[in-house]
Structure formats: structure tokens, C-alpha cells
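Data first, discussion second: the structure below is written as C-alpha cells.
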Amino acid sequence: MVIHREITPLKEDDCFLVFDRSRNDFTFPIHFHPEYEINFIQNAKGAKRIVGDHIGEIDDYELVMIGPNVYHGWENYNNDTSRTLHEITIQFPKDLFDSLLLNKNILKPIKELFKSSRHGVLFSKETVLAVESKLHSLSKKSGFDNFLAFQSLLYDLAVSRDKKTLTNFSIGDPNDFHNSERIEKMYSFIKENYQQRIKVEDAADHINMTEISFSRLIKKSTGKTFTELVNEFRLRYATRKLIETNESISEICFDSGFNNISNFNRRFKDKQGCTPTEFRANYMGTPTIF
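Here the sequence shown is numbered in the working numbering, starting from 3 and rising by one per residue.
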């Protein structure tokens with residue numbers, strides 16, 4: 003089984019994304035990403051759910067919360083692909099609520115929900131029916147009212163009964179960029195320059211390091227090469243443009259900092275498991291980012 007790392011369109015200053023769509027089958031590959039995800043599916047009874055090492059068939063109503071970097075996906079199995087299924091996906095960054103806030107008494111249930119989600123949480127049908135209207139309304143509200151509604155949904159899910167964890171396989175907090183002053187400077191340098199041609203020696207010089215020492219630091223701190231980090235920034239920008247605009251694939255390619263279409267298509271497919279054209283078709287719907 004090939005597992006892809008999804009590059010979500012969320013930026014640092016976004017709170018969460020709501021994706022509301024209707025389709026007939028599942029086409030997105032098994033994947034993972036550093037954001038939390040809540041996924042609601044209606045009318046796809048018999049489809050296959052994969053979360054970590056868990057595999058199961060879903061019912062007519064499906065509601066699952068997935069923690070950061072947990073493998074997950076839904077596949078066609080015994081579901082009737084002639085029926086139109088409805089899917090609402092909510093993604094939000096793991097630092098949306100800081101630890102001091104989550105330690106407050108009133109938010110401890112949400113803290114426990116986040117902890118449990120690292121094993122995947124399946125909610126009961128009773129819970130799904132109870133929160134269904136809130137799920138449907140999230141993409142229709144705007145501004146701070148929507149953020150309040152999102153918090154209310156999280157709390158309802160946190161205190162709901164008959165939740166089940168799906169997998170024994172859990173991913174801890176991965177290394178991120180924010181663990182040293184030099185890494186922070188590197189992160190800012192990429193953020194400011196990823197749409198241009200950017201060289202590792204320029205980044206190393208920016209933080210007063212030799213290229214060799216800089217490359218070692220990046221690999222040790224993030225598990226990735228400098229080029230991989232730059233391309234992740236470019237792909238995140240590209241995925242957002244694919245969802246939010248009608249710009250051509252070529253325009254998005256060059257605007258994202260890639261120097262040719264074939265390179266862009268290859269790197270996009272390596273990460274997302276599909277071409278940019280297929281990704282845009284798969285995400286046809288109503289994306290809303292707050």
C-alpha cells in the first residue's frame with residue numbers, strides 16, 4: 003500500500019478549513035498530514051475505512067477524527083458508486099489551541115479528544131445525528147461566528163458517548179521547524195523566497211553557516227533536505243491555488259516557484275498521489291478557509 007503525505011492548503015494564519023462536497027466514489031489515496039482532521043461521510047455504506055492499522059466497513063453515517071500524521075483514507079469497497087455520497091472534511095493545525103488553554107478545566111475534554119485522535123476516533127451514529135446540523139452549517143457561516151461554532155462542535159464531540167478508538171498505532175508529535183533560532187530563521191527565509199529560485203547556499207549564508215553544516219542541521223532537525231522543505235512550501239501554495247482559483251496548471255506551476263510543468267507534475271504526484279489536474283477534479287466542491 004502506497005501512503006502519501008498530503009500537503010494541505012492551510013497557511014500559518016488560517017484557523018481551519020471546511021470542505022463540503024458531493025461525489026459518487028472515493029479517489030484520494032491513503033495519506034497523512036500534520037493537521038487534525040474531522041471527516042463526515044453520508045450515503046456511502048459499505049466503503050472501506052483505513053486508519054493506521056485499522057480497516058473496517060462504514061455505515062450510512064460516518065464521523066471520524068484523525069490526529070496529526072495518522073495514516074487514513076476511505077476507499078470504494080462494497081459501496082454503491084451509483085449513489086451520490088456527501089462528505090464534509092474539516093482540517094485544522096495542531097497548534098490552533100495552545101497547551102495553556104487546553105489545560106483549563108472547561109477545555110480538558112477537548113484536550114482528551116485530541117489525545118485520543120492520535121489513534122483515530124469513531125463517533126456513534128447517535129452523535130453524528132446530534133451534530134449533523136452543525137457540520138452542515140460550518141461552511142455557510144462566516145467570521146468569528148464560524149469559529150465559535152467550530153469550538154462548539156469540538157466540545158460536543160469531546161463529551162459525546164460511545165466513542166471508539168480505531169488503531170493501536172499512534173504517531174507522536176513530529177519534529178518541526180520551531181526548535182532553534184537558526185531553524186526559525188531558515189523557516190522565515192524559505193517563506194519569503196520559495197516563489198523564486200532559491201539555493202541552499204543562500205539560505206546557509208542567511209544564517210551565517212557553511213553549506214555543509216547547514217544541511218546537516220536541517221536534516222537532523224526536520225528529517226528532510228533543504229530542497230524537500232522548499233518544495234513542500236511550493237506544493238502547499240499550489241494546492242491552495244488549485245482549490246481556490248481557476249488559474250491554469252501552468253500558471254500555478256510557475257507562480258509556485260517550479261521551473262517547468264513536468265517537474266511540478268512529478269513532485270505533486272509524488273506527494274499527493276495524483277496529478278494537479280486530478281487533485282483539482284477531486285476537490286471540486288465548496289472549500290472554505292477561515
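C-beta atoms are modelled at their ideal positions from N, C-alpha and C, and glycine is treated no differently.
_If you follow the alpha helix (DSSP H) that Tyr63 is in, where does it begin and where does it stop?_
No alpha helix (DSSP H) contains Tyr63, which is instead part of the beta strand (DSSP E) from 63 to 68.
*Length at least 3, wholly inside the region 54 to 125: the beta strand (DSSP E) runs in chain order*: 56 to 59, 63 to 68, 74 to 77, 87 to 94
*Residue ranges of each beta strand (DSSP E) run of no fewer than 3 residues wholly in the region 147 to 222, ordered along the chain?*
none
*How is Thr299 classed by DSSP in three states: helix, strand or coil?*
The requested residue 299 does not occur in the structure, where the chain is confined to residues 3 to 292.
*With DSSP as the reference, please indicate the residues paired to Gln44 in a beta bridge.*
Tyr63, His88
*From Ile220 to Lys187, what distance separates their C-alpha atoms?*
12 Å
*Below 8 Å CB to CB, which residues in the same chain sit around Thr83 once its five sequence neighbours on both sides are set aside?*
Asn26, Asp27
*Quick one: what does DSSP say Phe30 is sitting in, helix, strand or coil?*
coil
_Selection from Val133, Gly145, Leu168 that minimises the alpha carbon distance to Asp158_ = Val133
*Hey, Phe216 and Val202 are a contact pair by Cβ (cut 8 Å); roughly how many whole angstroms apart?*
7 Å
*With hydrogens ignored, establish whether the beta-carbon of Lys117 is closer than 8 Å to any heavy atom of the ligand FAD.*
Absence of the ligand FAD from the depicted structure is noted, as is the absence of any ligand whatsoever, leaving it without description.
*Given that a residue counts as buried once 16 or more other Cβ atoms are within 10 Å of its Cβ, and exposed if not, what is Lys222?*
exposed
*Exposure label - Arg218; buried when at least 16 CB within 10 Å*: exposed
*asked:* Taking DSSP's pairing of strands, which residues face Ile52 in a bridge?
replied: Ile57, Gly75
*Count the other C-beta atoms from every protein chain shown that fall within 10 angstroms of the C-beta of Phe281, then say buried if there are 16 or more, exposed otherwise.*
buried
*For Ile291, which residues from the same chain have a beta carbon less than 6 Å from its beta carbon, with the 5 sequence-adjacent residues on both sides left out?*
Asp16, Leu19
_Length of the line joining the Cα atoms of Asp147 and Ala160_ = 20 Å
*Closer than 8 Å by C-beta to Lys110: which residues in its own chain qualify, once you throw out the five before and the five after it? Chain order, please.*
Leu104
*Is the region 263 to 281 touching the region 34 to 47 in the sense that three or more CB pairs, one from each, lie closer than 8 Å?*
no
*Do you know offhand how far Thr167's Cα is from Phe228's?*
36 Å
*asked:* Given this structure, state the Cα-to-Cα distance separating Thr129 from Asp164, to the nearest angstrom.
replied: 9 Å
*Cβ neighbours of Asn78 in the same chain (closer than 8 Å, five flanking residues each side left out)*: Asp27, Phe28, Ala49, Lys50
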